[in-house]
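Working notes for the structure below.
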Amino acid sequence: MSLVGRDLVSLLDFEKPELESIFRTADRMQHSTRKCGTQLKNYVLATIFFEPSTRTRLSFETAMHRLGGSVIGFAEPSVSSVAKGETLADTIRMVESYADAVLLRHKIEGSAKFAAEIAEVPILNGGDGSQHHPSQTLTDLYTIRKEFGKIDGCNLMLMGDLQHTRSASSLAYGLAHYKDITLSLVSPENLRMRPEVTDHLNRNGVKFTEGEDSSEYIDEANVIYVTRLQKERFPDSKQAEAFKGSYVLTKQMLARAPKNAIVMHHLPRIEEIPIEVDYSPKARYFQQAANGVPIRMAFLYSSLHRFKYRPVKVIQPDSKDSRKCSNVNCISNQPREPIVSSMKETLSKGERVLQCQYCGRYTKL
Amino acid sequence: MSLVGRDLVSLLDFEKPELESIFRTADRMQHSTRKCGTQLKNYVLATIFFEPSTRTRLSFETAMHRLGGSVIGFAEPSVSSVAKGETLADTIRMVESYADAVLLRHKIEGSAKFAAEIAEVPILNGGDGSQHHPSQTLTDLYTIRKEFGKIDGCNLMLMGDLQHTRSASSLAYGLAHYKDITLSLVSPENLRMRPEVTDHLNRNGVKFTEGEDSSEYIDEANVIYVTRLQKERFPDSKQAEAFKGSYVLTKQMLARAPKNAIVMHHLPRIEEIPIEVDYSPKARYFQQAANGVPIRMAFLYSSLHRFKYRPVKVIQPDSKDSRKCSNVNCISNQPREPIVSSMKETLSKGERVLQCQYCGRYTKL
Amino acid sequence: MSLVGRDLVSLLDFEKPELESIFRTADRMQHSTRKCGTQLKNYVLATIFFEPSTRTRLSFETAMHRLGGSVIGFAEPSVSSVAKGETLADTIRMVESYADAVLLRHKIEGSAKFAAEIAEVPILNGGDGSQHHPSQTLTDLYTIRKEFGKIDGCNLMLMGDLQHTRSASSLAYGLAHYKDITLSLVSPENLRMRPEVTDHLNRNGVKFTEGEDSSEYIDEANVIYVTRLQKERFPDSKQAEAFKGSYVLTKQMLARAPKNAIVMHHLPRIEEIPIEVDYSPKARYFQQAANGVPIRMAFLYSSLHRFKYRPVKVIQPDSKDSRKCSNVNCISNQPREPIVSSMKETLSKGERVLQCQYCGRYTKL
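Residue numbers (our numbering), protein chains in the order written: chain A, 1 to 365; chain B, 1 to 365; chain C, 1 to 365.
Put into structure tokens, the structure is as follows:
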């Protein structure tokens, strides 16, 4: 199962055996996280962050260092040439000539997919808007697999801001690779999982229900996955205020969950998990964060070791598709990027819609 | 004298033979600062800075690299998850799962002590508020030891903003381990060393005098330690303005010091040492800065090499002490941190007071 | 041809055989940019950036990592002690005690030259104001040499904001080392190359013409070097607006250039090269950027490998030259720096003027 030279753009790009291969490699890495490694000696990872990050950036950096590699990059665009008005395409082309892989976080959706099209080195998506966060999802799936031995057959409850949390939609795409999943999507009516995600679940035979009351689902859940209100994704921060305090996992509520249930969270958590829950034997969010190092070591090793540059598709920016994506935060709507928008017709709840190949979102026909 | 797995929180935590062990290791490191080292190969130090720093951060980073190790971290909280509202406790728990040691600088006093209680890996205090700055003090004591062969018997004059300068209070705690110290504390009346520090000096038999005029003490001083006005620690920057220009060490004043006296400064210096003093053979502040590398190499090597994770004390956040610390900048007054405040009664100038175990400050009974 | 311990302050400091030596070393490095290197193992490069940078900082960092070395530093002054009011001199003295070389970018002209005078380790100029950018010029000359086999005899057209673009003046200084150069300087009347640069070209026998219309020169050009409008160097950003859109290299214009002509740009480019030009076989700006890694590896290796500390000249700050440089952005006009201004008389267009040895600019007698 070779993953040499592979991008990490979204969970949609992988097959189940490939995921298993990454998890087995992570098991090996776990036993040597502090031991000497030289597998990626003199390899350089570039980390390009257009949005703040601690966990994703630092765990990738540690993963690189544990394997003997090095890291360059910037943690905020103001200190880089981006401040001078450079396009993402130019930034990627420049940075890839300095590095063996590029880790990118951007608020613009589809940015990592676009970067992967133009780059000769593997692109690692450190999160793009509200869509994908694949290294988080690999960590999440790996954590579930470690706790229960397998992911097939799991009962998961996802609660919180499911509309804006990329860790939630990314996990949903990941779970679609597994069998007999039962998924409860608990959120305020206005913060439900987006239709392109639930349509994908339907197409892949994942049983899911949507609701607003976690107490209807917690009794049966093996995994209770709590998410943070993504204030920064709301068009207006006052709108976010309205949801503050809803979907908190209290100690009392947790008491109703099965004995072997586990609590997960992508972190940072603010108030949605009170501190007292930390002392419950069900809490797994800090172990989950720690699993981020071996899983990222596994992917970096699998993709970079023995990688040679790949041929790159030449983009013809002239052949613009006249059908535009309606998502203003989509990479295809950034006027100066050399991009070919590519809308495809698909069905959603019986209706024909256009789906953007970059951000995945629907646009009415 | 094993220091394996030791935190570097404050000088209060060490015994004199341990300090000597660090200094002897630093002597060995000094001779090989540019030679290849692999002692900490694949070890990762996380540097977490909530306040700006150059010297402390860069010298720790160099120390790590000289020993073959790597560094991750952030230089300002705005680029990290802290911007999203994460507690210090959560940040520490996350970061320690990525690193073998954590270097922390924070304006909140007691933050490093608190971090050391919850972390499984060594915590290195890069400065907490106006209290401790132990790696600076190790550097300072090491510099004195190199110049005079020993620290016992030294006559030191500390001048400037002794109330807010953590390098000053930290040095006082360090000197309390030595014999026959003569200490002159020269500062404006309103910027004197805080009582918990002078009480500690008294309890440990350090002879000290407090005054406002440096010319009374400079004739006898072996070490003239100048400090910077810590504008950022004043509640109001206008208050700081009032002291501007006081306690400048002029060339004329320095001429009165003994021939073998040395001038030290924690740096950066602004106006308190004029540039003309740089050309005096007494100036040692740049050598002092340079000593920061071997001393930090020595501590990193002593603490991390062969270190295995230690068991962690589980904090019971419910058992809050009802007696609160009066220092608003104390970690025990941060409402969302899972902390057990712990006030202890002690005597100060014959009066009974409460002393906070985190920030060390007194609160009236 | 030994370059051990050499600074990289400006192209004025090198002889042609030294440049050739760097290029030959870069050829060797090019073949091993991704292979393991340990030549600079445990060496530390400090990167001190007072202005934003991506390309210069990241390519130097990668160069260091490819050679097995490490990097410390800061990407913006706000996170460092400079925020507390430290002088450049003090910052350099401190940082050089932590590192084997210092890479400095500063808007103040002459800052790198000044730093090289006071530092015991090599200073690498990452760009100072509108004057020098030597690592960019080495990259540019190396790119021309790779494309044409030699630099002597080349016909170059430089177009855009030649007054403020340090890559342009630095390249002019570099070209002055070569024979039979034909140089067209195309810019708006008000943004012409500064007189100290054109005087240097004249003194070194470089044939150059100045004009406003690129179509007069493009037919004969081997190299078309496009520059970006340096908005941040204008005293007033509205002035910069007036020049927006002028000196764009369109596809139509490029069609008139000779078949083997190449297009270069220091990057980032904004609008002065439209995206459609990227698909022309003449475009070389991304390869040019990529050449920045082997050329910087070559210089770092040549300067640092086997380097021992050099003796430092002691500056006498008292002997201030009474003749002051008229450039407010010159290091000699920073009041707190321990600097000896040194103005020398020279001739410009038959008139006697004073030239500053730091920033190179003229002052009227």
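Where is the CB? At the ideal position from N, CA and C, for every residue including glycine. For clarity, every value in this text was computed on a predicted model and none was experimentally measured.
Between residue 159 (chain A) and residue 247 (chain A), the C-beta spacing is below 9 Å. At a cut-off of 9 Å between beta-carbon atoms, residue 358 (chain A) makes no contact with chain C. If you look at residue 105 (chain C), you'll find it isn't in any alpha helix (DSSP H); it sits in the beta strand (DSSP E) that goes 101-106.
In the structure shown, residue 72 (chain B) falls within a strand segment according to DSSP collapsed to helix, strand and coil. With a threshold of 16 other beta carbon atoms within 10 Å, residue 75 (chain A) meets it and is buried. Secondary structure note for residue 291 (chain A): its alpha helix (DSSP H) is the uninterrupted segment 285-304. DSSP places residue 49 (chain A) in the strand class (E or B) of the three-state scheme. Residue 101 (chain A) is a Cβ neighbour of residue 123 (chain A), given a cutoff of 9 Å. Cβ proximity to chain B below 7 Å picks out 338 from the region 336-349 of chain C.
At least one beta carbon of chain B lies nearer than 9 Å to the beta carbon of residue 65 (chain A).
Interface residue (Cβ-Cβ distance to chain A less than 9 Å): residue 72 (chain B) is classified as such. When Cβ-Cβ separations below 9 Å define contact, residue 37 (chain B) makes contact with chain C. Between residue 126 (chain C) and chain A, the shortest Cβ-Cβ separation is not below 9 Å. Residue 56 (chain C) sits in a helix when the DSSP states are folded into three classes. Taking 3 residues as the minimum length, the beta strand (DSSP E) runs contained wholly in the region 220-248 of chain B are 223-226, in order along the chain. When rounded, the separation of the alpha-carbon atoms in residue 57 (chain A) and residue 126 (chain A) is 8 Å. At a beta-carbon threshold of 7 Å, none of the residues of chain C lie near residue 228 (chain A); the nearest stands roughly 27 Å away.
Residue 184 (chain A) carries a strand assignment under DSSP once its states are collapsed to helix, strand and coil.
Residue 97 (chain C) counts as buried, since at least 16 other C-beta atoms from the protein chains shown sit within 10 angstroms of its C-beta.
Inclusion of residue 364 (chain C) and residue 326 (chain C) in the CB contact set at 9 Å is warranted, their separation being smaller than that value. Taking 9 Å as the cut-off, the Cβ atoms of residue 243 (chain C) and residue 294 (chain C) do not count as close.
Look at residue 125 (chain A) here: in three-state DSSP terms it is strand. A distance below 7 Å between beta-carbons, with the five flanking residues on each side excluded, links residue 289 (chain C) to the following residues of its chain, in chain order: 55 and 267.
Rounded to the nearest whole angstrom, the C-alpha separation of residue 99 (chain B) and residue 53 (chain B) is 20 Å. Taking a Cβ-Cβ cut-off of 8 Å, the neighbours of residue 286 (chain A) in chain B comprise 93, 94 and 97, given in sequence order. Fewer than three beta-carbon pairs drawn from the region 255-264 of chain C and the region 36-51 of chain C are found closer than 8 Å, and the two stretches are therefore not classed as touching. Residue 293 (chain B) has a beta carbon lying within less than 9 Å of a beta carbon in chain C. Residue 120 (chain B) and residue 17 (chain C) have their C-alpha atoms roughly 57 Å apart.
For chain B, the residues of the region 43-65 of chain C that bring a beta carbon within less than 8 Å of one of its beta carbons are 43, 44 and 46, in chain order. Annotation: Cβ neighbours of residue 86 (chain B) in chain A (cutoff 9 Å, chain order): 54, 267, 268, 269 and 270. For residue 161 (chain B), no CB of chain C lies under 9 Å from its own CB, so it is not counted at the interface with that chain. Within the region 129-149 of chain C, no residue places its CB atom closer than 9 Å to a CB of chain A. For residue 94 (chain A), the enclosing alpha helix (DSSP H) stretches over residues 88-96. At least 9 Å separates the CB of residue 101 (chain A) from every CB of chain C. A direct Cα-Cα distance of roughly 16 Å separates residue 13 (chain C) from residue 196 (chain C).
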